[in-house]
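Numbering (this note's numbering), first residue to last: 73 to 742.
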């Protein structure tokens, strides 16, 4: 929010001018209360003196009298409809109060009346729109208009680049941020965001120098320090590259931790900007590194936000109050997998509180809402507001459905907002945080020694640990240009490691008529290009297709028409495998040592169809080949899947076990 500007005295009216001048003198001397009294006296003497109303608003804002300040600015505009500074300050006050839409309306009025300078007014309009839900396109249009008038404004170029990046328009973002850094080479914010866009494009060789420049310009920029220290590629070119970046991360984590402990206030924005999400996609045991990072986060949060870091006593009950918090309480994988826990909970014994911190709402959101004792939609809220609401609800148990995907959840999870706190497996790796007491997982998926992979106490729920409702299904259909047999793999690009590329190459070599199809790869993306280069080393480009993300109905139709679902060894499919089985698509998997490499294994174990579980890479390829070349065998597997589906879907056993765990945890703590 831009600070208020005090207006010079204009000789409009004789009456009230002396009081107005006295008020300005008092404000200049630091006496805001005296200034307000003088401005009110001027208004009493000259009710239409616009400057008196305007300056009254200016002193009421720092005095905390916001409603009165708003009324004063509106009166100033009534007295003088072309009073540009009044429009500017009024819009900023509304914006600062979270009323972005109202702020936008006043800027648009000021521009329409010619009261606001267009270059400045459109810049402010863009800033406001950028903070509105779904306001990015309006912000881009406003910034573009501002730059047409004044193309030399580096701040507007920077802000345009930030919004373009948020929309995923990386080329446009790079152009805007490059302009910003050229016009204002000392703008550390522009350098930071330029690095962030390069990082999102998997171009770390370009990102790191940008962050170094940002740090040189602003040594206390915790975001730039964190990103530079803990940067990781999205997709790797070689297996050796995985190890090099992991070693760099390990060394830099210690250094960043020391800096963060010395500068906790500066470090918090870095922790709140990004997670170490990509670390878990290297296919290794991350517990030591996660624990080290968790200690850094907890230390910073407890020192900067001590009011939410103290232990809490167990409140009386029953009923037992259980909260679930996430940005993903909608048709995201996290929401789809967790909604059954809420729907199946006994509403007499437990009161469920849901905190949806994301913006998107859909039918999955409605299912959460309908099954909650209280449901809060908190889009765009800061951690302070969410933490205060959770504390106010006086929960017995708080469960973060995912920690590690969104930095807001990381900051909240480092607090103590309930006597007992835990995490679901929306992001299936230990958080490393000392503030989370348990990790909800699956008995079927965890290896025998799974406890050692977690800092939290591991809770193995029966079966796959979910109460999951299968989707409605469309007729089978292949996208244009595809022909059977189709070998389908549907994981995000970062889940494919270079060491597994030979597996795909061997598969298509053994099946000369099959097509290997990957889903979720954006066209013309550097990330897609890197994966493509890897595939081209092990097969010709006509043997595979990289499809973008598909509408859900088309995606399910593809699953129904495909021949085999190929699970990814480094990161096994969870929700994708549940949907594939619902579509009657046989799944081949090769389980690893970590739970996140065993989703499909656990699902198939629970289903009772384990013939397609491989013991090694050669066995994996052999099972795929048999499913493609032996139609009778494939039909047999599909029949077993249909016959045993009741073991996997709509199974309430895990919810009963979850409730039992909650009762025991409360009893042992209370």
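Glycine included, every Cβ here is placed at the ideal spot set by N, Cα and C.
Straight-line Cα distance separating residue j from residue i
| i | j | result |
| --- | --- | --- |
| residue 320 | residue 305 | 12 Å |
| residue 116 | residue 187 | 26 Å |
| residue 689 | residue 566 | 20 Å |
| residue 270 | residue 525 | 32 Å |
| residue 75 | residue 375 | Its pLDDT being 43, under 50, residue 75 is placed unreliably in this model, and the value from its coordinates should be taken loosely. The alpha-carbon atoms of residue 75 and residue 375 are separated by roughly 29 Å. |
| residue 84 | residue 131 | Note on residue 84: pLDDT 46, under 50, position unreliable in the model; the coordinate value appears next. Residue 84 and residue 131: Cα-Cα distance of roughly 21 Å. |
| residue 351 | residue 395 | 28 Å |
| residue 489 | residue 184 | 47 Å |
| residue 393 | residue 454 | 23 Å |
| residue 309 | residue 639 | 21 Å |
| residue 332 | residue 433 | 36 Å |
| residue 203 | residue 108 | 32 Å |
| residue 96 | residue 253 | 39 Å |
| residue 337 | residue 558 | 53 Å |
| residue 179 | residue 477 | 36 Å |
| residue 73 | residue 229 | Reliability fails at residue 73, whose pLDDT of 36 lies under 50, so the model's placement of it is uncertain and the value that follows must be treated cautiously. Those two C-alpha atoms are separated by around 18 Å. |
| residue 613 | residue 286 | 41 Å |
| residue 255 | residue 217 | 18 Å |
| residue 145 | residue 162 | 6 Å |
| residue 344 | residue 208 | 21 Å |
| residue 439 | residue 610 | 45 Å |
| residue 386 | residue 512 | 21 Å |
| residue 461 | residue 212 | 33 Å |
| residue 551 | residue 383 | 55 Å |
| residue 239 | residue 206 | 10 Å |
| residue 643 | residue 669 | 5 Å |
Three-state secondary structure (DSSP) of residue i
| i | result |
| --- | --- |
| residue 587 | strand |
| residue 492 | strand |
| residue 395 | strand |
| residue 660 | strand |
| residue 273 | coil |
| residue 428 | strand |
| residue 440 | helix |
| residue 234 | helix |
| residue 433 | coil |
| residue 449 | strand |
| residue 741 | helix |
| residue 31 | Here the chain covers residues 73 to 742 and nothing more, so residue 31 does not appear. |
| residue 606 | helix |
| residue 472 | strand |
| residue 247 | helix |
| residue 501 | coil |
| residue 133 | coil |
| residue 308 | coil |
| residue 117 | helix |
Anticipated Cβ contact below 8 Å, residue i with residue j, distance rounded
| i | j | result |
| --- | --- | --- |
| residue 722 | residue 541 | 6 Å |
| residue 314 | residue 569 | 7 Å |
| residue 709 | residue 658 | 5 Å |
| residue 413 | residue 699 | About 33 Å separates the two Cβ atoms, so there is no contact after all. |
| residue 288 | residue 268 | Between residue 268 and residue 288 the Cβ distance is about 17 Å, and since that is not below 8 Å, they are no contact. |
| residue 646 | residue 713 | Rounded, the Cβ-Cβ distance is 17 Å, inconsistent with contact. |
| residue 536 | residue 516 | 6 Å |
| residue 549 | residue 633 | 6 Å |
| residue 497 | residue 546 | Not quite, the Cβ-Cβ distance comes to about 29 Å (not below 8 Å), so this is no contact. |
For residue i, the nearest candidate out of the options (CA to CA)
| i | options | result |
| --- | --- | --- |
| residue 105 | 136, 640, 122, 118 | 136 |
| residue 702 | 652, 635, 426 | 635 |
| residue 150 | 138, 124, 164, 134 | 124 |
| residue 585 | 410, 516, 615, 562 | 615 |
| residue 592 | 583, 581, 604 | 604 |
| residue 297 | 326, 610, 383 | 326 |
| residue 381 | 508, 175, 535, 346 | 508 |
| residue 589 | 619, 418, 343 | 619 |
| residue 427 | 445, 728, 449 | 449 |
| residue 597 | 241, 687, 328, 120 | 241 |
| residue 726 | 675, 544, 696, 538 | 538 |
| residue 429 | 436, 401, 406, 273 | 401 |
| residue 469 | 391, 90, 154, 328 | 391 |
| residue 138 | 512, 122, 157, 164 | 164 |
| residue 623 | 521, 661, 465, 404 | 404 |
| residue 483 | 88, 503, 283 | 503 |
| residue 341 | 715, 661, 479 | 479 |
Checklist entry - Mind pulling the beta strand (DSSP E) runs of 3 or more residues that sit fully within the segment 659 to 731? => result none
Checklist entry - Curious, which full-length beta strand (DSSP E) runs of at least 3 residues does the segment 317 to 375 contain? => result none
Checklist entry - In chain order, which continuous runs of the beta strand (DSSP E) of length 3 or greater are located wholly inside the segment 507 to 570? => result Segments of the beta strand (DSSP E) lying fully in the segment 507 to 570: 510 to 514, 529 to 533, 558 to 561.
Checklist entry - Which whole runs of the alpha helix (DSSP H) in the segment 192 to 233 are 4 residues long or more, in chain order? => result 208 to 221
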